[in-house]
Structure formats: C-alpha cells, structure tokens
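Numbering (this note's numbering), first residue to last: 30 to 400. Cβ coordinates follow ideal geometry from the N, Cα and C atoms, glycine included.
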C-alpha cells in the first residue's frame, strides 16, 4: 500500500508527500504584483508536497481577469520571490503556472483596447464563459468575453517567446519549475480543439498541427530552463468555457502524451473537468495515457482522499491534486492524514477582496502569524 503522506521524488525534485495543491485564481493583487500577503497565503499551505501557483499571465495580452499577479516584469519577479522564499522556508516546493487565456478575455484588459487573440475568431458565448473586469462604475464583475481575432501565423513565435520569458522569470523568482497551462478552455486548448480551431495554416487541421504551438512552447522552455523544470496541465474531454465536444477517443491527448514522453518533462497534470455531474476522465483513459506517458502523472478534479488512494495504489496516477479544499483548509495535508473534518470555503470571497476568505481560514493548529 502506497502511503500518500510519505516523500515522493521525480525529475530531481523531492516532495515531502504526494498531495498537490492545484492552481486557483484568487484575484487579490490590484497592481498585478504578488506581495507579502500573497506569500503568507502560500506559506500557510506549504505543507502540500507540491504547490502549483495560481495561473500567472506571461503578458498583458494573456490576461482575462483583473488583479491576478503576472510574471512579465521585474517588479512581478520580485513579488513572486517573496512567495517562493516563504514556501521554501516551510520545506515546500512550488511550480509557477504560466497562463495565456486567449479568447477568454475582454478588450478592457487588452493593450490599447485591442481584441483578445485565439486560434479562431469564434467567441466564447455560453453563460459560464466570463472575464473578470472593472465595470463602468468602478466596481468589479464578470462580463462576456470580447470577440477574438485569430493569431497570424507569424505571431505564434511571439507568444512562444512570451512563455520562454515567463519560464526564465519564474526561475529568477525562485520557482522550482513551471507548469504550462494548456487546459480549461484557454489559449492552448483553443488550438487543440479541432472543432474550435478552424485554421488552415500549420497550426490547424491535423493533430500534428493543432498540437504544434504546445510542443513549440514546451521545446523552447526546455531549452531555456531544462526539461526537469517543465510540466504541463491538460484537460481531455473538457467542455468548460464553451469548448465544443468532439469525439476522437482522446487521441489528441494520447498523441501529446507520446510527444511529451519523448521530451522527458517533469510531469503531466490532468484536470478532470466534470460535466453533468460526472467525471470525464475514467480509469480506462488513464491507463491509455499511462501507457503513452511514463513520467509523473498528476490528476485534479473533485478529488477525495478515497479516490486519491485508489488511483495511486492502482498505478493510474502518481500524485493527486486538490484545489478548493485548500482554500478553507490551509493545513489540508494534516486534515487528510488525520481524517479530520474539512472546513467549507465561502464562494463569495473566492475572487477579489482582502484577507477575508484568503488568509483568515484557521488551521487546526498553527504557529504562523498573519501579515
């Protein structure tokens, strides 16, 4: 029986346990720079074996939500250094999730009020597809994303370079590695999805073409910081943010798995975006993915300790990731280990605001003092 609370090693990294804190947007930095409170939030949760940071945009163009700390400027690098130092002082490990939302943005967030960019000109129009912006009255709120424009073929290299800069900045900021956010309906998935991606150039059509921007970004970041410091997040069968359903039996993601295995990246992080109240990544697909990718495999999505133990001990995943439970339970690892009750997070304070609903959730026992 594999004990989830014992150390785990992968790609030269040693984790104190197998519990991963999944990335979660909290939108609390009006100047887009992580600060001492951000550092305290992550310090509180540093007992996780691995923390994946909230998505951090690699450029102003990549933003879809106000108040999210980015990673394109020197000030932002210095802010994130506060976070990584805090996590490392507690004995934890942390990867930065590098993010570009693509069409899930709004003109008010874009440089010079331009259109968001994507693989396509098709906008996201289901009711749950929203950008987080400043409204006309100065308050904050969710709005329908703007109509995007397709990236020109020659512009893709610029986006790739933004991710390379983000990876280098992440290392300068002290992150142990980076996770390329290629899931949840954002830019890279907008290329991967064959129904949404209607391009006729080298980035559209065949699976080789649709995965090209992902693999070009991965290769460029490997060259910049090393394969052992590069992970990726994927969401097979995702329908979030108006992503069209398509039936290829998961072959797009199995192709990617084989290509990523060749590159010996640090890990693949799958996100099981439940649809209609059920899991969309079943055991059969996990087995097929395992056969294609022999590196460390993380799974997130309505994770429970019972499911985590079963999947790890069945050899289907290596590391279970928990998201929302970490919001109200900064000591989630100890609570899971000791079968202690879990607090419920207040959804009204998930995004924006100050310390309420952010750093004020108590641990069962804690020596940390709030900033």
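Counting C-beta atoms within 10 angstroms of its own C-beta, residue 224 has fewer than 16 neighbours from the protein chains shown and is therefore classed as exposed. Fully enclosed beta strand (DSSP E) runs of no fewer than 3 residues occupy 259-263, 296-300 of the region 256-309, in order along the chain.
In the displayed model, residue 349 falls within a strand according to three-state DSSP. In the pairwise beta carbon analysis, the region 373-386 is classified as touching the region 340-359: at least three pairs are separated by under 8 Å. Check the Cα spacing between residue 265 and each of 205, 257, 329: the tightest is with 329. By the criterion of a C-beta distance shorter than 7 Å, residue 114 is surrounded in its chain by 203, once the five residues flanking it on both sides are discounted.
Non-local C-beta neighbours of residue 34 in its own chain, meaning closer than 6 Å and more than five positions away in sequence, comprise 46, 366, ordered along the chain.
Distance check between residue 368 and each of 130, 306, 335 places 335 closest, using alpha-carbon atoms only. Ranking 231, 282, 103 by CA distance to the CA of residue 200 puts 103 first.
Closest in alpha carbon position to residue 76, among 122, 84, 63, is 122. Ranked by Cα distance from residue 64, the first of 78, 340, 105, 375 is 105. In this structure, 241 is the residue among 187, 256, 241 with its C-alpha nearest to the C-alpha of residue 282. Non-local C-beta neighbours of residue 174 in its own chain, meaning closer than 8 Å and more than five positions away in sequence, comprise 93, 132, 133, 134, 135, 145, 152, 153, 158, 159, 160, ordered along the chain. The region 37-57 makes contact with the region 343-351, as at least three CB pairs between them are under 8 Å. Between residue 192 and residue 87, the C-beta gap is smaller than 7 Å, which places the two residues in contact. Residue 355 carries a helical assignment under DSSP once its states are collapsed to helix, strand and coil.
In summary, residue 313 is exposed, with fewer than 16 beta-carbon neighbours lying within 10 Å of its beta-carbon over all protein chains present.
Restricting attention to 107, 85, 318, the CA atom closest to the CA of residue 98 is found in 85. Burial is judged here by how many other beta carbons sit within 10 angstroms of a residue's own beta carbon; residue 81 has at least 16 and is buried. For residue 263 and residue 216, the gap between their C-alpha atoms comes out near 12 Å.
Shortest Cα-Cα distance from residue 299 to any of 255, 211, 141 involves 211. Measuring C-alpha to C-alpha distances from residue 306 to each of 292, 269, 324 identifies 269 as the nearest.
Rounded to whole angstroms, the separation of the alpha carbons of residue 239 and residue 187 is 17 Å.
Taken atom to atom, the span from the alpha-carbon of residue 120 to that of residue 165 is near 44 Å. Ranked by Cα distance from residue 172, the first of 156, 39, 181, 320 is 156. In the three-state reduction of the DSSP assignment, residue 206 falls in the strand class. Restricting attention to 234, 274, 142, the CA atom closest to the CA of residue 90 is found in 142. Inside the region 161-223, DSSP marks whole beta strand (DSSP E) runs of 3 or more residues at positions 169-172, 206-211, from first to last along the chain. When the alpha-carbon of residue 259 is set against those of 271, 272, 273, 243, the nearest one is in 243. Rounded to the nearest whole angstrom, the CA to CA distance from residue 310 to residue 296 is 17 Å. In this chain, the beta strand (DSSP E) harbouring residue 82 covers 79-86. Judged by DSSP secondary structure, residue 39 falls within the beta strand (DSSP E) whose first and last residues are 37-39. Of 70, 325, 60, 43, the smallest CA-CA separation from residue 390 is found for 70. Of the residues assessed, residue 111 falls on the buried side of the cut-off, its CB having 16 or more other CB atoms within 10 angstroms.
Distances from the alpha-carbon of residue 387 to those of 178, 393, 73, 61 put 73 closest.
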